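Below is one structure, written out as C-alpha cells, with a few remarks after it.
Protein chains in written order, with my numbering: chain A, 1 to 117; chain Z, 1001 to 1110.
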C-alpha cells in the first residue's frame, strides 16, 4: 500500500534551518507530485508547495518564496522540504501529501517542527 | 493568496444532512472545477473525501457529496453519524500549480 513516512519531531532555534524528509513506497515514484502542507497548533491547513518526481520542477506558495526549497532523491524515493530563517511562527506540523489528479490522496503522518530558543 | 472561507462550526442531529460551504474568488474556486475536501480527526493527517468537486475516492462513504456554484463549493454530509464529528477543509486549485485551503469547519453531531 502507499506509504509516506516522515520523521516525528524536529527542534530548531530561531534563525536556523530544517530539512524534513518524506520517504515514499508502495507506488511508482515518478507517477505523482508530492506537495507540502503545514498546520500550526490549533490552526488550519496551509499549502506550501510541490515537487515533480519526474522533472524535479518545484513550485512554492508566494508566502514561502525565498525561504523554502523542495527537492527529491529518486534513488531512495524520498522528497525533502527545507525551510530557512526559522521563527516561532513556523512551529507547526508539516505534512507531505501525494497528489492524485486534483486531490491529495495519501499523506505522511506529519513532522512536528518546534522553533524555540 | 487568501484562504477560502468556511463556517467555523456547524452542527446537526444524527440522520440529518448538513452542507458546508467554501467560498473563494474568481481566481480559484470560480475558475476551476478542482475543489477537494478533507476530513481531519484530532492528531491525524487529513483524509481525502472528495476531489474535483464531486468525485469520491474508492472507499469513501456515499454519504459525502460535493457540488459547486460560482465561487462557492459545498460539501454535503447525509445521514449524519457520530463518527462524522470532526474537522473538514476544502481546497481549490488556484492556477500556476498552486493550491489554497479553506479555513476549516468543525462539525458537531448533537
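Quick reminder that beta carbons are idealized off the backbone N, C-alpha and C, glycines included. Predicted model, so just to flag it, every value in this text is computed and none were measured.
So residue i is in the beta strand (DSSP E); what residue range does that whole segment cover?
i	result
residue 99/A	92-100
residue 38/A	34-39
residue 1101/Z	1099-1101
residue 4/A	3-5
residue 1036/Z	1035-1040
residue 46/A	45-51
residue 1077/Z	1072-1077
residue 20/A	18-25
residue 59/A	58-60
So what's residue i in DSSP terms, helix, strand or just coil?
i	result
residue 1023/Z	strand
residue 105/A	strand
residue 74/A	helix
residue 1083/Z	helix
residue 82/A	strand
residue 63/A	helix
residue 88/A	helix
Output the distance between the C-alpha atoms of residue i and residue j, rounded to the nearest integer angstrom.
i	j	result
residue 1065/Z	residue 49/A	27 Å
residue 1084/Z	residue 1036/Z	17 Å
residue 1051/Z	residue 29/A	21 Å
residue 52/A	residue 59/A	9 Å
residue 20/A	residue 57/A	18 Å
residue 65/A	residue 1077/Z	37 Å
residue 44/A	residue 1097/Z	21 Å
residue 1092/Z	residue 86/A	28 Å
residue 1047/Z	residue 1101/Z	14 Å
Whose C-beta lies closer than 8 Å to the C-beta of residue i among residues of the same chain, with five residues either side of it excluded?
i	result
residue 117/A	13 and 14
residue 76/A	23
residue 108/A	4, 5, 6, 22, 95, 96 and 97
residue 10/A	18, 20, 111, 112, 113 and 114
residue 1062/Z	1056
Excluding the 5 residues flanking residue i on each side, which residues of the same chain have their C-beta closer than 6 Å to its C-beta?
i	result
residue 23/A	5 and 78
residue 1013/Z	1110
residue 99/A	32, 33 and 35
residue 2/A	26, 27 and 106
residue 1009/Z	1106
Can you list, in chain order, the residues of its chain with a C-beta nearer than 7 Å to that of residue i? Leave out the 5 residues immediately preceding and following it.
i	result
residue 94/A	20, 36, 38, 81, 110, 111 and 113
How about residue i: is its Cβ closer than 8 Å to a heavy atom in the ligand HEM?
i	result
residue 33/A	Absence of the ligand HEM from the depicted structure is noted, as is the absence of any ligand whatsoever, leaving it without description.
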